[in-house]
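In our numbering, the protein residues as written are 4 to 143.
As C-alpha cells, the structure follows; a few thoughts come after it.
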Amino acid sequence: MTIDVYLKKLKEDGFKITPKRKATIELFSKKKSYLSPQEVLEKLGNHFPGISSSTVYRILEELQDTGILIKIEHEDRQLYYFLCRMPDQHHHHFICRKCRRIEEVELCNLKELERFISKNLNCKVENHSVRLEGLCSHCK
Ligand SMILES: [Zn+2]
Ligand SMILES: [Zn+2]
Ligand SMILES: [Zn+2]
C-alpha cells in the first residue's frame, strides 16, 4: 500500500513531512487496523529511541486534524486511531461498536440539511462531519 496520498494530504494541509509523521503513517498502513496511542509509542520507539508519549499524542492529533486518522473512543474508554482509506475525498465513517471496524461511507446527502440551515437559520454551513455507529455486517 502506497502512502503517497497521505503525504500529499499532509503537505496540502500545511504540515511538513517529518520522519516521525511519515513513520506513523507507515505504521498504520502496514497494520491495516486500529492502534492505541500506547501501541504507536512502542512501535515508534523502535525507530526513534526516547520518543515521548506527548510527541506521539501530538502527531496523532495532527494526523487526525488532516483527516488521515480517525480517532474513536471505545466503550472501554480506550482511545484508538484508524487510518482513513480515502483521505482525499469527502465521505463519512461507520464505526462498529463491537469489533471497532470502520467502513468508509462514500454517500453524503446532507445538502438538504445545509439548505435548511441556510434558509431557516440564515447561517452558511462550511463544513460538517458525521459519524455513524452500530453493528457491522459481521457483528449484527
Ligand atoms: Zn475515511
Ligand atoms: Zn463489527
Ligand atoms: Zn458529508
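Note that beta-carbon positions come from the ideal geometry of N, C-alpha and C, so glycine has one too.
Just so we're clear, the structure is a prediction, and the values are computed from it rather than from any experiment.
Taking 8 angstroms as the cut-off, decide whether the C-beta atoms of residue i and residue j are in contact.
| i | j | result |
| --- | --- | --- |
| Leu66 | Ser39 | no |
| His77 | Arg103 | yes |
| Leu107 | His93 | It should be noted that the sequence gives Glu, not Leu, for residue 107. The answer is no: Cβ separation not under 8 angstroms. |
| Arg100 | Glu136 | yes |
| Lys19 | Ile62 | no |
| Val133 | Glu117 | no |
Below 8 angstroms CB to CB, which residues in the same chain sit around residue i once its five sequence neighbours on both sides are set aside?
| i | result |
| --- | --- |
| Ile6 | Lys25, Ile28, Glu29, Ser32 |
| Ser162 | Here the chain has residues from 4 to 143 only, and residue 162 is not among them. |
| Val8 | Pro90, Asp91 |
Kindly indicate the opening and closing residues of the beta strand (DSSP E) around residue i.
| i | result |
| --- | --- |
| Leu10 | Premise fails: Leu10 lies in the alpha helix (DSSP H), 7-15, not in any beta strand (DSSP E). |
| Leu86 | 82-86 |
| Arg134 | 134-137 |
| Glu129 | Segment: none, Glu129 is in no beta strand (DSSP E) and carries neither H nor E. |
| His95 | 95-99 |
| Glu106 | 105-108 |
Which residue marks the beginning of the alpha helix (DSSP H) containing residue i, and which one marks its end?
| i | result |
| --- | --- |
| Phe31 | 22-34 |
| Leu116 | 114-123 |
Excluding sequence positions up to five away, which residues of its chain have a Cβ less than 6 angstroms from the Cβ of residue i?
| i | result |
| --- | --- |
| Ser56 | Leu44 |
| His141 | none |
| Ile54 | Leu47, Gly48 |
For residue i, I'd like the list of residues in its chain whose CB is within less than 7 angstroms of its CB, leaving aside the five on either flank, ordered along the chain.
| i | result |
| --- | --- |
| Cys145 | As displayed, the chain neither begins before 4 nor continues past 143, which places residue 145 out of reach and without an answer. |
| His131 | Leu113 |
| Tyr60 | Pro40 |
(request) Go through the stretch 37-78 residue by residue and report every complete run of the beta strand (DSSP E) that reaches 3 residues or more, in order. (result) 72-76
(message) Pairs of beta-carbons, one from the stretch 69-82 and one from the stretch 47-59, closer than 8 angstroms: are there three or more?
(response) no
(request) With a cut-off of 7 angstroms, give the chain-ordered residues whose Cβ is closer than this to any heavy atom of ligand 4. (result) In terms of ligand content, the structure shown lacks ligand 4 and carries ligand 1, ligand 2 and ligand 3 instead.
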